[in-house]
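Asks: So the protein sequences, as listed, match chains A and B.
Take the first sequence: its position 200, counting from 1, is numbered 200 in my numbering, and each next residue is one higher.
Plus 1000 on top of the position in the second sequence (first one is 1) and you've got my numbering.
Cβ atoms here follow ideal geometry from the backbone N, Cα and C, with glycine treated the same way.
Because the structure is a prediction, the values reported are computed rather than measured.
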Amino acid sequence: MKDMIQTKSLTFHYPVEEGEPAPNVLRGVDLTIEQGSFVVILGHNGSGKSTLAKHMNAVLVPSAGQVLVDGLDTAEEENTLDVRRCVGMVFQNPDNQIVANVVEEDVAFGPENLGVPTEEIARRVTESLQAVGMEEFALHAPHLLSGGQKQRVAIAGVIAMEPMCIVLDESTAMLDPSGRREVLETVGRLNREKGITVVLITHHMSEAVDADRVIVMDNGRVAMDGPPMEILTQVERLRQLGLAAPPTVLLLSALQKDGWDVSLEALTVESCADEICRALGA
Amino acid sequence: MTLEPIIRVDHLTHTYGEGTPFCRSAVKDVCLDIYPGEFLGMIGHTGSGKSTLIQHLNGLLKPTGGRILFHGRDIWADGAKIRDIRFKVGLVFQYPEYQLFEETVGKDIAFGPRNMGLEGDALQERVEEAAGFVGLPAELLDKSPFELSGGQKRRVAIAGVIAMMPEVLILDEPSAGLDPAGRDSLLQNIRSYHEATGGTVVLVSHSMDEVAENADRIAVLADAGVALCGTPREVFSHGEELEAVGLTVPQVTKVAMELHRRGVDIDPAVYTIEELHRALSALRRGGAPC
Chain A
1 MKDMIQTKSL
11 TFHYPVEEGE
21 PAPNVLRGVD
31 LTIEQGSFVV
41 ILGHNGSGKS
51 TLAKHMNAVL
61 VPSAGQVLVD
71 GLDTAEEENT
81 LDVRRCVGMV
91 FQNPDNQIVA
101 NVVEEDVAFG
111 PENLGVPTEE
121 IARRVTESLQ
131 AVGMEEFALH
141 APHLLSGGQK
151 QRVAIAGVIA
161 MEPMCIVLDE
171 STAMLDPSGR
181 REVLETVGRL
191 NREKGITVVL
201 ITHHMSEAVD
211 ADRVIVMDNG
221 RVAMDGPPME
231 ILTQVERLRQ
241 LGLAAPPTVL
251 LLSALQKDGW
261 DVSLEALTVE
271 SCADEICRAL
281 GA
Chain B
1001 MTLEPIIRVD
1011 HLTHTYGEGT
1021 PFCRSAVKDV
1031 CLDIYPGEFL
1041 GMIGHTGSGK
1051 STLIQHLNGL
1061 LKPTGGRILF
1071 HGRDIWADGA
1081 KIRDIRFKVG
1091 LVFQYPEYQL
1101 FEETVGKDIA
1111 FGPRNMGLEG
1121 DALQERVEEA
1131 AGFVGLPAEL
1141 LDKSPFELSG
1151 GQKRRVAIAG
1161 VIAMMPEVLI
1171 LDEPSAGLDP
1181 AGRDSLLQNI
1191 RSYHEATGGT
1201 VVLVSHSMDE
1211 VAENADRIAV
1221 LADAGVALCG
1231 TPREVFSHGE
1241 ELEAVGLTVP
1251 QVTKVAMELH
1261 RRGVDIDPAV
1271 YTIEELHRAL
1281 SALRRGGAPC
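Rendered as structure tokens:
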């Protein structure tokens, strides 16, 4: 698999006045995100996960180290546009990223700025709205949509630029469970059907269950990195990192401490029930 | 309950944009009683009308139909009194950290009580007490609110409402966007506030787990009305109805429902890990087969 995003000893601090201390928000992050993968990045507030995300499309550039997006160094100014064409970003607050008064115009905003011909824009807008299930809202006013619908419009706006990768920076944090599900299903489908690489930043553990890979950030470094089953079952380690394992795992862990012969590897309701039944039957 | 409600929502209807093509009733013929000293959870998906409903409780919105009674009196009966209602029913909006504006944290928290006419030591005491309730260390009071982290800013905004000592404290999604550790500690603060003051708390949330862990009673809003109302156990025993209105029961309840479906003798309405853990332990001691 080709590398989509690569960070090499990525270190970052926000600019400060001369003479002031410059605390590093990222302290040597080495990551390789493969093309076509679905990666979830977890971490408590202040762990550096959003700062890391902002390096993935050159919103921020490293203070030291390097970030390569599809082989392009994000610190080189002449690469900025290509990097952003390659990696689209969806932010947290749906109200901060809608620019037009009509949904289809909002989705067209990105490709227009890339200089895409008009007929081609029309095709992309239609297809992108279809991809997020919002085609019937093409002529609606965005401010009258629900939060989940607004985020799907924002995602359509990103897809219309035909990126290879989408980074969602806590894009589900302000949504209710059904809005969150809408967004997750949408990006899951884009990943499976169009092969778009997805990097999802969140602190909802439940969103990590279906990922290919889970990365946990802490104090500006990568603290854990592996498949969901391996990461989400480490109850104590997650707690130390300010996160909580899924309720199914916590339940099994409590039973295990009581001497039940159960495995913690149950991320779904069904597998959790399986484990309990097996132990009860034994 | 034979208690008199502190707030009674009496056939409340609110229609936005009447006479325009966007005319829509966000709240339709809602009746709900809120009792003194209770911790009420209010849950509903986006667009269910919960934000519109709570903005009526302190008179920010005027009903287009029905009434809001506070201690049995219609809050709009005498327009001049509506200002008092806003002090007595404190509303913390979603993302309240965007509403901070003062030079220091202390001044920001003092804004509400100062407007109520408090000054001097009494005001200072009120500010310190409110800061204590939300877990803000005293040394932060002299800092600019803009130097604080997002979670701390939110605590400042909540303290600003607590400092008015409202009889009813309404919090709209207080934990949205916080990480699990921040969420737990903020909710712990709110619970301690509730226990220490005996005040009425209304917690609006779309996390079932959150209301299940905290509330005495839950009101479920759907399609501009109250779909279910009762203790967490009563509400979660309607798992399928909840899913039908776009909400889900807590994960633990789902596991209990699944075990129940498979014939394990478990109450399908349990909603905390501890409870299910206890029930399973008891079951195993009894040697029940699956």
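Under three-state DSSP, which class holds residue 1057 of chain B?
Replies: Three-state result, residue 1057 of chain B: helix.
Asks: Kindly indicate the opening and closing residues of the beta strand (DSSP E) around residue 66 of chain A.
Replies: Element bounds for residue 66 of chain A: 64 to 69.
Asks: For residue 1259 of chain B, which residues in chain A fall below 8 Å Cβ to Cβ?
Replies: The answer, in chain order, is 273, 276 and 277.
Asks: Are the CB atoms of residue 217 of chain A and residue 5 of chain A nearer to each other than 8 Å?
Replies: Cβ distance not < 8 Å, so residue 217 of chain A and residue 5 of chain A don't count as in contact.
Asks: Which residue's Cα is closest to the Cα of residue 1006 of chain B: B/1026, B/1038 and B/1023?
Replies: For the residues B/1026, B/1038 and B/1023, the minimum Cα distance to residue 1006 of chain B belongs to B/1038.
Asks: Would you verify that the beta carbon of residue 1236 of chain B is, or is not, closer than 8 Å to some beta carbon of chain A?
Replies: Output row for residue 1236 of chain B: interface = no.
Asks: Where do the ends of the beta strand (DSSP E) carrying residue 1016 of chain B lie?
Replies: First-last of the beta strand (DSSP E) with residue 1016 of chain B: 1007 to 1016.
Asks: Would you report the Cα separation of residue 124 of chain A and residue 112 of chain A, rounded to the nearest angstrom?
Replies: So the alpha carbons of these two residues sit roughly 11 Å apart.
Asks: Note down, one range per segment and in chain order, each alpha helix (DSSP H) of at least 4 residues found wholly within the region 23 to 57 of chain A.
Replies: Runs found: 49 to 54.
Asks: Residues of the region 164 to 182 of chain A with a CB closer than 8 Å to any CB of chain B: list them in chain order, please.
Replies: Listed in sequence order: 170, 173, 174, 175, 176, 177, 178 and 179.
Asks: In its own chain, which residues sit with a C-beta less than 6 Å from the C-beta of residue 159 of chain A, not counting the 5 before and 5 after it?
Replies: Here the set comprises 128 and 131.
Asks: So, does the CB of residue 1276 of chain B fall closer than 8 Å to a CB anywhere in chain A?
Replies: Closer than 8 Å to some Cβ of chain A, the Cβ of residue 1276 of chain B qualifies, so yes.
Asks: Any Cβ of chain B within less than 8 Å of the Cβ of residue 115 of chain A?
Replies: Cβ-Cβ to chain B under 8 Å: no for residue 115 of chain A.
Asks: Output yes if chain A places a C-beta closer than 8 Å to the C-beta of residue 1246 of chain B; else output no.
Replies: Taking Cβ atoms only, chain A reaches closer than 8 Å to residue 1246 of chain B, which makes this a yes.
Asks: Ordered along the chain, which non-local residues of its own chain (more than five positions away) have a Cβ less than 7 Å from that of residue 102 of chain A?
Replies: Counting only Cβ-Cβ distances below 7 Å, and skipping sequence neighbours, we find 139 and 141.
Asks: Under 8 Å between C-beta atoms, does residue 95 of chain A make it to chain B?
Replies: Output row for residue 95 of chain A: interface = no.
Asks: Contact criterion: CB-CB distance below 8 Å. Does residue 264 of chain A meet it with respect to chain B?
Replies: No - not a single Cβ of chain B is within 8 Å of the one on residue 264 of chain A.
Asks: Can you tell me whether residue 1018 of chain B is buried or exposed, with buried defined as 16 or more other CB within 10 angstroms of its CB?
Replies: Exposed is the call here.
Asks: Using beta carbons (cut-off 8 Å, strictly below), is residue 1269 of chain B in contact with chain A?
Replies: Chain A, which has no Cβ nearer than 8 Å to the Cβ of residue 1269 of chain B, makes this no.
Asks: Pick helix, strand or coil for residue 97 of chain A, following the three-state DSSP scheme.
Replies: Here residue 97 of chain A sits in coil by DSSP.
Asks: I want to see whether chain A comes within less than 8 Å of residue 1093 of chain B, judged by CB atoms only; does it?
Replies: By this cut-off, residue 1093 of chain B is not an interface position.
Asks: What ranges does the beta strand (DSSP E) occupy inside the region 1028 to 1054 of chain B, keeping only unbroken runs of at least 3 residues that lie completely in it?
Replies: Segments of the beta strand (DSSP E) lying fully in the region 1028 to 1054 of chain B: 1039 to 1043.
Asks: Closer than 7 Å, Cβ to Cβ, to anything on chain B: give me those residues from the region 38 to 62 of chain A, in chain order.
Replies: Residues 44, 45 and 46.
Asks: Applying the 10 Å Cβ sphere with the 16-neighbour rule, what's the burial state of residue 16 of chain A?
Replies: By the 10 Å Cβ count, residue 16 of chain A comes out exposed.
Asks: Under 8 Å, Cβ to Cβ, is there at least one residue of chain A near residue 1084 of chain B?
Replies: Closer than 8 Å: no.
Asks: Could you tell me whether the Cβ of residue 246 of chain A comes closer than 8 Å to any Cβ of chain B?
Replies: It does: the Cβ of residue 246 of chain A has a partner Cβ on chain B nearer than 8 Å.
Asks: Does any C-beta atom of chain A lie closer than 8 Å to the C-beta of residue 1175 of chain B?
Replies: So no, residue 1175 of chain B is outside the interface.
Asks: By how many angstroms is the C-alpha of residue 45 of chain A removed from the C-alpha of residue 247 of chain A?
Replies: Rounded to whole angstroms, residue 247 of chain A to residue 45 of chain A spans 21 Å at the Cα level.
Asks: For the putative contact between residue 31 of chain A and residue 7 of chain A, defined by C-beta atoms under 8 Å, what is the C-beta separation to the nearest angstrom?
Replies: So it is a contact: roughly 5 Å between Cβ atoms.
Asks: Name the residue from B/1021, B/1035, B/1015 and B/1095 whose alpha carbon lies nearest to the alpha carbon of residue 1027 of chain B.
Replies: Nearest C-alpha to residue 1027 of chain B: B/1015.
Asks: Using only the alpha-carbon positions, how far apart do residue 1030 of chain B and residue 1013 of chain B sit?
Replies: Distance between the alpha carbons of residue 1030 of chain B and residue 1013 of chain B: 7 Å.
Asks: What residues are listed by DSSP as bridge partners for residue 165 of chain A?
Replies: Answer is A/87 and A/197, bridged to residue 165 of chain A.
Asks: Does the beta carbon of residue 13 of chain A sit closer than 8 Å to a beta carbon anywhere in chain B?
Replies: Not an interface residue.
Asks: Which residues bound the beta strand (DSSP E) around residue 1170 of chain B?
Replies: Run containing residue 1170 of chain B: 1168 to 1172, per the beta strand (DSSP E) assignment.
Asks: At a CB distance below 9 Å, what residues from the region 1155 to 1182 of chain B approach chain A? Give them in sequence order.
Replies: Flagged, chain order: 1173, 1176, 1177, 1178, 1179, 1180, 1181 and 1182.
Asks: Which class does residue 1142 of chain B belong to by DSSP, given the choice of helix, strand or coil?
Replies: Residue 1142 of chain B: helix per DSSP, three-state reduction.
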